[in-house]
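These notes are about the structure you will find just below.
Residue numbers (the numbering used here): 194 to 596.
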């Protein structure tokens, strides 16, 4: 294609609204450090964008995962630690370090392509409809007899044997570390600062601070303390949401037709909601169109999101938490809405008959900036239909009901 033809093709794509991503060459290096056959430290440099996730996976020769964890690119480097205590010794293993655009945040995918199509280089591999940046290395774990014996620790019986041994040999720092690590593996309640596992690791470092096992203990002590700080920060964040400005999410129940369902405002970024509440599942925001995202923990909220802008287009809930200024909402009879909306033309579908003879039908009506889903229930003993609102939502004000 001539230069003039290429320029014309690019102009056509721009006019059509296409996003043009420059193709770049990306690289990824990996250096592996075996820390006492307990942890495999994987680190390296990369030309990937800041914030890109890098996953390290250790496979056996049959392709089964033995260990996996993830790091994030910062200052053109990454760092991943794999727990390889259960990896077999003297067996060829494969370490795979990879960037997969499918799990990357939107700002990273903007540079590498939604499916990695903007990546080029010798390490770029195409599979399952996407491109990944991959580095592989062979690994062999050299395990001595004592370590191999400790790797056979399984469940409470083995733990009691180690506890008995420590009672008889209270200064065996290596066994203390192994018992502490066994507690962490088999007893989830021990994974905190102040637990017996934490105390054993601290004691082992005090007894023999210069051994490889003491270094292992220090790493796990640092991890436990980092986890404690993270939990404290999360608690502080939740308290700030409930008592600070973000606390309005738990107190504001007002419905403003065409504008907001409580603190959920039309046009707000989806990420603002996802920072506070976990969605039922992570939405796929690739491509055009819209997607529904449900937040069960926040009053069973469902929002419709524009995939291109990641902004909320509409919001609805089946919870009775949200109320109109007149005090009506989910659970209210349709007649209770009449003082505010005198004419509510609900069109019901075909009714279903329940085993007890009750007939149930559902209908929906769009008012100005408001959506009502109504259940009509007719009990067999009375034969009188009762219309009750079971879901309420807000829509853009220009979405009016058909005349």
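Each residue gets a CB set at the ideal place from its N, CA and C atoms; glycine is no exception.
Note that the structure is a prediction, hence the values are computed from the model and not measured.
Self-check item: Start-end ranges of the alpha helix (DSSP H) lying completely within the stretch 371-414, minimum 4 residues
Solution: 389-400
Self-check item: Residues near residue 436 by beta carbon distance below 7 Å, same chain, minus five either side
Solution: For the purposes of this step, residue 436 is identified with residue 243 of the chain shown, where counting begins at 1. Only weak support is given to the placement of residue 436: the predicted model assigns it a pLDDT of 47, under 50, and the value that follows is read from those uncertain coordinates. Closer than 7 Å at Cβ, skipping near neighbours: no residue.
Quiz prompt | Secondary structure, beta strand (DSSP E): runs of 3+ residues fully inside the stretch 490-568 | solution = 494-499, 504-510, 552-560
Quiz prompt | Nearest residue (CA-CA) to residue 542, options 534, 552, 536 | solution = Here residue 542 refers to the residue found at position 349 when the chain shown is read from its first residue. If we check each option's Cα against that of residue 542, 552 comes out closest.
Quiz item: Just curious, the alpha helix (DSSP H) that residue 465 is in, first and last residue?
Solution: Here residue 465 refers to the residue found at position 272 of the chain shown. Start and end: 463-467.
Practice problem: Give the straight-line distance between the Cα atoms of residue 485 and residue 372, rounded to the nearest whole angstrom. | Solution: Here residue 485 refers to the residue found at position 292 when the chain shown is read from its first residue. Here residue 372 refers to the residue found at position 179 when the chain shown is read from its first residue. Rounded to the nearest angstrom, the two C-alpha atoms are 48 Å apart.
Quiz item: Apart from the five residues on each side of it in sequence, which residues of its chain come closer than 8 Å, Cβ to Cβ, to residue 421?
Solution: Reading the chain shown from its first residue, position 228 is the one you call residue 421. Taken in chain order, the residues that qualify are 385, 386.
Quiz item: Can at least three beta-carbon pairs, one atom from the stretch 402-413 and one from the stretch 373-380, be found at a separation below 8 Å?
Solution: yes
Exercise. May I ask which residues mark the beginning and end of the alpha helix (DSSP H) holding residue 304?
Key: One-based indexing of the chain shown puts residue 304 at position 111. Element bounds for residue 304: 299-305.
Exercise. Inspect the beta-carbon positions of residue 297 and residue 305 and report whether they are closer than 8 Å.
Key: As a working mapping, residue 297 is identified with position 104 in the chain shown. As a working mapping, residue 305 is identified with position 112 in the chain shown. Yes. Within cutoff.
Quiz item: For the 8 Å Cβ check, are there 3 or more pairs between the stretch 522-541 and the stretch 463-473?
Solution: no
Quiz item: To which residues of the same chain is residue 301 closer than 6 Å at the C-beta, ignoring the five residues directly before and after it?
Solution: Along the chain shown, one-based indexing puts residue 301 at 108. Excluding residues within five positions, the ones whose Cβ falls inside 6 Å are 242, 244, 245.
Self-check item: Three-way DSSP call (helix, strand, coil) for residue 325 in this model
Solution: Taking the chain shown and counting its residues from 1, one reaches residue 325 at position 132. Strand at residue 325.
Quiz item: Going by C-alpha distance, which of 272, 502, 277 is nearest residue 291?
Solution: Here residue 291 refers to the residue found at position 98 of the chain shown. Taking only the C-alpha atoms, the option nearest residue 291 is 272.
Quiz item: Counting along the chain, where does the beta strand (DSSP E) carrying residue 309 start and finish?
Solution: By 1-based counting over the chain shown, the position of residue 309 is 116. No beta strand (DSSP E) contains residue 309, which DSSP labels as neither H nor E.
Quiz prompt | Any C-beta of chain D under 8 Å from that of residue 363 | solution = The chain labelled as chain D is not found in the depicted structure, where only one protein chain is given.
Practice problem: Keeping to the same chain, check which residues put their C-beta closer than 6 Å to that of residue 506; ignore five residues upstream and five downstream. | Solution: Working through the chain shown from its first residue, we reach residue 506 at position 313. Within the same chain, residue 506 has close Cβ partners 497, 499.
Practice problem: Could you say which of 311, 396, 215, 270 lies nearest to residue 235 if we only look at CA atoms? | Solution: For the purposes of this step, residue 235 is taken as the residue at position 42 of the chain shown. Taking only the C-alpha atoms, the option nearest residue 235 is 270.
Quiz item: Alpha carbon to alpha carbon, how far is residue 311 from residue 303?
Solution: Locating residue 311 in the chain shown gives position 118, where the first residue counts as 1. Locating residue 303 in the chain shown gives position 110, where the first residue counts as 1. In a straight line, the C-alpha of residue 311 is about 9 Å away from that of residue 303.
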